[in-house]
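Asks: Chains as they are written, first to last, in the numbering used here: chain A, 665 to 1319; chain B, 665 to 1319. C-beta: ideal position from N, C-alpha, C; glycine also.
Number of protein chains: 2
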Amino acid sequence: MPQNRTLTVDYGRTTDVLYVVGTQLTINLYRTALPSAKFFSVVCSDNVENNLSHITWPWWFDNYLPLKDDSVLLLSMSSASKEQGDGKVKIQLFDDKRKLMASAELLLTAIEISLDVDADRDGVVEKNNPNKASWKWGPEGHGAILLVNCDSDSGKRPDNEKTYVGTEEDLKDMSQMVLRTAGPKELPKGHTLKLHMSAHEAEAAQVFTKKQNGDYSLILASGKLSRGFSKYTKEMTFYVSGLKFADNDFSGLVRIHISLLQPGTPETPIFTDTVQFKMAPWIMTPNVQAPLKVFVCSSADSSSDNANFIDGMKKLVQKVGCELQIITREVNRGDRWIQDEMEFGYIQAPHKSFPVIFDSPRDRDLDNFPYNELMGPDFGYVTFKPPRDEVNSLESFGNLEVSPPVTVRGKSYPLGRIVIGGAFPFKTDGRNMSSATRNFLRAQVVQEPIVLFSDWLAVGHVDEFLSFVPAKDRKGFRLLLASPHAAYKLLQGLQETGHGQAKFFEDVPDVKVTVDELLTNETLHDENDYYQRCIDWNRDRLKNELDLDEDDIVDIPVLYKSAEFKTGKAAVSFYPDTVNMIVLGKNLGIAKPFGPKVDGKCVVEKEVVRLLEPLGLMCNFIDDFTFYHLNLGDVHCGSNVRRKAFNFKWWEMEM
Amino acid sequence: MPQNRTLTVDYGRTTDVLYVVGTQLTINLYRTALPSAKFFSVVCSDNVENNLSHITWPWWFDNYLPLKDDSVLLLSMSSASKEQGDGKVKIQLFDDKRKLMASAELLLTAIEISLDVDADRDGVVEKNNPNKASWKWGPEGHGAILLVNCDSDSGKRPDNEKTYVGTEEDLKDMSQMVLRTAGPKELPKGHTLKLHMSAHEAEAAQVFTKKQNGDYSLILASGKLSRGFSKYTKEMTFYVSGLKFADNDFSGLVRIHISLLQPGTPETPIFTDTVQFKMAPWIMTPNVQAPLKVFVCSSADSSSDNANFIDGMKKLVQKVGCELQIITREVNRGDRWIQDEMEFGYIQAPHKSFPVIFDSPRDRDLDNFPYNELMGPDFGYVTFKPPRDEVNSLESFGNLEVSPPVTVRGKSYPLGRIVIGGAFPFKTDGRNMSSATRNFLRAQVVQEPIVLFSDWLAVGHVDEFLSFVPAKDRKGFRLLLASPHAAYKLLQGLQETGHGQAKFFEDVPDVKVTVDELLTNETLHDENDYYQRCIDWNRDRLKNELDLDEDDIVDIPVLYKSAEFKTGKAAVSFYPDTVNMIVLGKNLGIAKPFGPKVDGKCVVEKEVVRLLEPLGLMCNFIDDFTFYHLNLGDVHCGSNVRRKAFNFKWWEMEM
């Protein structure tokens, strides 16, 4: 629908009128005519199209049309003027004797104005896309995209905290917006083009443009909501830089307008063109995505030692063929839980994509690592600061995982679903992730989170009882769930076959326990029955929320025990947690369980291999006993992986 | 899809299992069987349905089924148990020689649990509606509805500020929620039913129930997020009371859950049923709705006097046949602008509807009127307190109007659209309604607001240049727009016909001005050209946002003049503003313009009559000159109307 503009005729005068191609001028001829005027005529130059409402017969053959209170003239021009005022309209008024009483001349200058963005999502700004002001999900969708400019192309701070363009490279992280105009070189006197946005949206995006001296200037930002241009060039390019992710109080949509203003106090807009962007969500990568780089911490020069672990990881990573970064003691300051410190993700627009590290609010000794060591050119950074009393162990990102792609009763999640742990919803005194983190995760929309029950564990992370691994059949993956009952069954089998005297922890410095001793410990059995129920509750929830069958789940033997903490008793793993693994393609790095041996071979390892290798996976057992397991974490907790982004483009999701 | 619950078999024991009808128990038979068990058999009582996954042949003919790691038994019961444990399941395990090794007995007690609401919107709580946990707009939609309990059935405060049920009448404003259960009288030992909701949603609704002594107790509220029941009766009725309207930070959706908890530390939910409510929006009533009661202020015992005005209003109201309330000087304390103080609206649920007064944050001398005089039984109250520096003249509710029902390019607004005034969006220093008020209006969703440009006026209200009146043809209404050009045309007509010496304000105490004098005042003419442009901008916007044609708009002659204020020059009406009218059915109460007379008759009145009476309307001119017009307001500003609610139910809107 063309924008309509009501225009007044000033009889007895020649009036200059600025007209925007694609709009329509509505002129009520009667409104300012002398009351005694009874007839009128209209003559236009060839470049002006006109039409009289309410007159169906070919009115232009009659120069004397009756003037009534509904004599309304509609004018339009189909292309920009070559010269000022080259669209001419002459309106004449006549009295009841058809004698000329007054005439008005309009000199129309037609200009073309279009604020343009990449609304068709091909990485290039097209011209005047009819859908540029709206958003539609899906492969047939439309709508331009912004990236949160949270990398640091120059200096030490993320670019979204800067109010300047530090380097030309930074422009590539921004979305281009082009103001295209056509028509005579100058706007008629007093007219202005004004670029503007709302205060709320200016908190989420800022706009730069190139100055004549080659520098870039900030033209729209918080506290700088509009910018006027009295001159224009044929094409003006703007760079829109995203400042923050969608959240509870920000839908992710940002609109920018260009208005053509007529002089006056205040100036009146006679035309407005609008574009809209959506902020790209932060996207996590599940275990089925190919690994690019593995991160572990070194304990070198520490009293205890993780050389075994580092060796194991080196071998594994070499086998897989991805990179390994060993974070030195100097940087990790003794904090070994690199999984908990941060979560890798990425953001994507048609014109650009880069990884973004989400720095957990946990803030222990690895705290500075993501900001100082990861953030950089084309490597973004995001974090939140929830109130201190809201941050507990569940805020660590061993408690933040993501499933492989699933389809749940017709609804497709091509980027998987986020999985986090918390207390039961009715437990008002339970531990949960802070609402800041949960709101952020939910607001990203594309990987709708599932909240599991993990508060039964001392540390309380979902990675203590689940992992997703790739599989060559079925849905392309399996959900591995820790199973105390599977562990008991395994041990009962040992006892039945006469291996009741086989011992846990033979090769490591811990209290040895025979299978027989373990099986007679009724407290431990009761506790594990309860832990199994907790995991079963999560199993039922995951089956429902990810639409999984029993055959999509593998029960991995894991035992827990109750340990005493300041805050009371809670579950920790009894032997190294074989579900708490690192997944690198088909290769799994699994905590060496140090279980009872038969014929010199650990039966837990053997069972894990039996369960997983038929899926096309390879089990690599890594000794993490002293440095990790005895400190309440295993291989997954002590490592982190940056993975390949999805091929699937998030904006093609059907919502 | 039935809720699934994973259950563990304890071989060698008889286990009591609480089962909820409509769910399915999943039992992995292999998980806790001794490793040497090779076969199994299952026998169930008639009331237990069972099915073995992965076994397609009629397994029940063979008592010795091979036990594999995917031997999964599914159990369900179709109705509540008559006695504890009357659903019997016996599972037997055999070794490779088919010798009995162990058996397990499950004693299932089936109960029915359903948390019920009026999800089909007929005013009655039905049983276990499959859509009770979701919301769908439209005539074929579903989803229960809550009212903000903002009336005051007892005492001096609104009921949504009370944490008790003041009177039985108050229960009718709440939505019923029924917990229906069937099965043996008592829950097995240690089991609990827990009603719960989230902290965020508990800010928006609270739940009461009747105690045995007949009193009502608050069972869910902020800081009281769950309530357990170890006993239950067949039907327990709860009363859900809405506390606040949808807003920027509250979607309007409230969910309440009932969970069946199994003993343990913590207790584990084995079943959860959820219902959802949507908070009814606050709905305004346009001028086309029939009037019920008119409100005006009396100046009695004041130095100036509005007896003329009161007389005029009395006659008008008598003619229309609705009620009139004259707010005494004692109550109004000299504040005459009852339009600006408040806006009438209503809220509606299938079970109940009542009017709700929205008290403007303007807070002048009428401030206490809505709270003290209007709020009461079945008369609700809502207000906001924006930061003081955000409240300016545009916050008064002469600046808050609503259009009649419209359809805009296929999108239907059967309750019309809200119309408010503000500055141009790019004018960062312009006056606007506070964001609190704008966010609230937008969040009601059903009457999506349109923001016009009213900041050109000194007072700055949309009712200074527009009004909607009913019409018997076209869309059922006309938009009346003030037109300085129409006024000039009228005066030019007078001059042309020799009445240039006719005077404005002959019968009132103001400076007399002849038509000739007025027409020679070029400054005034230029100013009015500008005001016309401002109104034309609004005209174009309204045509677009309400999908109006030129023929849906009537131009009413109104002149403005520029007046000097502390804050600068701004527009006020030159003669009483004939658009600023009260609309009572077909009868219009219009400010008597005191324009120039011809043959003893005011030509402005005559012109207004000529324009409006053909639409089936009757013009009643009321003298508001001294007490209102000279104080910058006219009939509409000095009156307010409570109108009939729409027949159309808001939840039947297509969104």
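Does the CB of Ser778/B have a neighbour CB from chain A at under 7 Å?
Replies: Not an interface residue.
Asks: Along the chain, where does the alpha helix (DSSP H) containing Asn715/B start, and where does it finish?
Replies: First-last for Asn715/B: Glu713 to Leu716, but that is the beta strand (DSSP E), not the alpha helix (DSSP H).
Asks: Considering just the uninterrupted stretch of the alpha helix (DSSP H) at Ser1099/B, what are its terminal residues?
Replies: Note, Ser1099/B: alpha helix (DSSP H), Ser1099 to Ala1107.
Asks: When the Cα atoms are used, what is the spatial distance from Leu924/A to Ser743/A?
Replies: Roughly 17 Å between the two C-alpha positions.
Asks: For the region 908 to 930 of chain A, which residues have a beta carbon sitting closer than 9 Å to at least one beta carbon of chain B?
Replies: Within the region 908 to 930 of chain A, the residues whose Cβ lies closer than 9 Å to some Cβ of chain B are Asn912, Asp913, His921, Ser923, Leu925, Gln926, Gly928, Thr929 and Pro930, listed in chain order.
Asks: Short check: CB of Leu731/B to CB of Ala701/B, under 7 Å?
Replies: Yes, these two residues count as a Cβ contact at 7 Å.
Asks: Hey, Cys814/A and Tyr1045/A: beta-carbon distance below 7 Å or not?
Replies: In contact: Cys814/A and Tyr1045/A (Cβ atoms closer than 7 Å).
Asks: Use the C-beta contact count for Gln1165/A: other C-beta atoms within 10 angstroms, 16 or more gives buried, fewer gives exposed.
Replies: Gln1165/A should be labelled exposed.
Asks: What residues match up with His921/A in a beta bridge as DSSP calls it?
Replies: For His921/A, which the question treats as bridged, DSSP gives the partners His860/A and Thr938/A.
Asks: Mind checking if Pro699/A is an interface residue toward chain B, Cβ cutoff 7 Å exclusive?
Replies: Yes, Pro699/A counts as interfacial toward chain B.
Asks: Below 8 Å on the Cβ atoms is my guess for Thr670/A versus Asp1204/B; work out the distance and round it to an integer in Å.
Replies: Rounded, the Cβ-Cβ distance is 5 Å, consistent with contact.
Asks: Taking C-alpha atoms, which residue in Asp1241/B, Glu1269/B, Ser890/B and Ile755/B lies nearest to Asn1295/B?
Replies: Per the Cα distances, Asp1241/B.
Asks: Report all residues from its chain with a CB closer than 6 Å to the CB of Asp733/B; omit the five preceding and five following residues, and keep chain order.
Replies: Tyr694, listed in sequence order.
Asks: Is the separation between the beta-carbon of Thr845/B and that of Ile777/B shorter than 7 Å?
Replies: Their beta carbons are under 7 Å apart, which means Thr845/B touches Ile777/B by this criterion.
Asks: With DSSP run on the structure shown, which of helix, strand or coil describes Thr1184/B?
Replies: Thr1184/B falls in the helix class under three-state DSSP.
Asks: For Arg1274/B, does the three-state DSSP call read helix, strand or coil?
Replies: The answer is helix: DSSP assigns Arg1274/B an H, G or I state.
Asks: Looking at the unbroken beta strand (DSSP E) that takes in Pro1257/B, where does it start and where does it end?
Replies: From DSSP, Pro1257/B is part of no beta strand (DSSP E); its letter is neither H nor E.
Asks: Would you say Lys826/A lies against chain B (beta-carbon separation less than 7 Å)?
Replies: Taking Cβ atoms only, chain B never reaches closer than 7 Å to Lys826/A, which makes this a no.
Asks: Taking Pro927/B and Gly854/B to be in contact with their CB atoms under 8 Å, please state how far apart those CB atoms are, rounded to whole angstroms.
Replies: With a Cβ gap of about 3 Å, Pro927/B and Gly854/B count as contacting.
Asks: Should Pro1025/A and Cys986/A be called a contact, given that it needs their Cβ atoms to be closer than 7 Å?
Replies: No, the Cβ-Cβ distance between Pro1025/A and Cys986/A is not below 7 Å.
Asks: Does the region 1295 to 1309 of chain A come into contact with the region 1120 to 1130 of chain A, if we say contact requires no fewer than three beta-carbon pairs (one atom in each stretch) closer than 8 Å?
Replies: Yes: at least three Cβ pairs fall under 8 Å.
Asks: Assign Asn1244/B to buried or exposed, taking buried as 16 or more other Cβ atoms, counted over all protein chains shown, within 10 Å of its Cβ.
Replies: It is buried - the Cβ of Asn1244/B has at least 16 other Cβ atoms within 10 Å.
Asks: Quick one, are the C-beta atoms of Asn1103/B and Asn912/B less than 7 Å apart?
Replies: Yes; because the gap between Cβ atoms is below 7 Å, this pair is in contact.
Asks: Leaving out five residues before and five after Val789/B in sequence, what residues of the same chain have Cβ atoms less than 8 Å from its Cβ?
Replies: Only Asp780, Val781, Asp782, Gln840, Met841 and Val842 meet the Cβ criterion.
Asks: Below 8 Å on C-beta distance, what does Leu889/A contact in chain B?
Replies: Those are Phe1090 and Thr1092, listed as they occur along chain B.
Asks: Contact criterion: CB-CB distance below 7 Å. Does Arg669/A meet it with respect to chain B?
Replies: Cβ-Cβ to chain B under 7 Å: yes for Arg669/A.
Asks: Note down, in chain order, each residue of its chain lying with its Cβ closer than 8 Å to the Cβ of Phe1229/B, except the 5 sequence neighbours on either side.
Replies: Taken in chain order, the residues that qualify are Ala1122.
Asks: Checking contacts by CB at 7 Å: is His860/A closer than that to chain B?
Replies: Output row for His860/A: interface = yes.
Asks: At the level of alpha carbons, what is the spacing between Pro1134/A and Pro1069/A?
Replies: Rounded to the nearest angstrom, the two C-alpha atoms are 11 Å apart.
Asks: Below 7 Å CB to CB, which residues in the same chain sit around Val673/B once its five sequence neighbours on both sides are set aside?
Replies: So the list reads Ile691, Leu693, Thr696, Ile755 and Ala768, once near-sequence residues are dropped.
Asks: Exposed or buried, what is Val1267/A when buried is set at 16 or more other beta-carbons lying within 10 Å of its beta-carbon?
Replies: Buried: at least 16 other Cβ atoms inside 10 Å.
Asks: Once you ignore the five residues that flank Leu738/B on each side, which residues in its own chain have a CB closer than 8 Å to its CB?
Replies: Cβ within range, chain order: Gln688, Leu689, Thr690, Ile691, Asn714, Asn715, Leu716 and Ser717.
Asks: Buried or exposed: Trp721/A, going by 16 or more other Cβ atoms within 10 Å of its Cβ?
Replies: The predicted model places Trp721/A with a pLDDT of 47, which falls under 50 and marks its position as unreliable, so this point remains unresolved.
Asks: How long is the line joining the alpha carbons of His806/A and Leu835/B, rounded to whole angstroms?
Replies: So the two alpha carbons sit approximately 49 Å from each other.
Asks: For Lys1136/A versus Gly1253/A, is the C-beta spacing smaller than 7 Å?
Replies: No, they are not a contact pair.
Asks: Measuring alpha carbon to alpha carbon, tell me which of Leu1223/B, Asp1211/B and Asn711/B ends up nearest Val1179/B.
Replies: Closest option to Val1179/B, Cα to Cα, is Leu1223/B.
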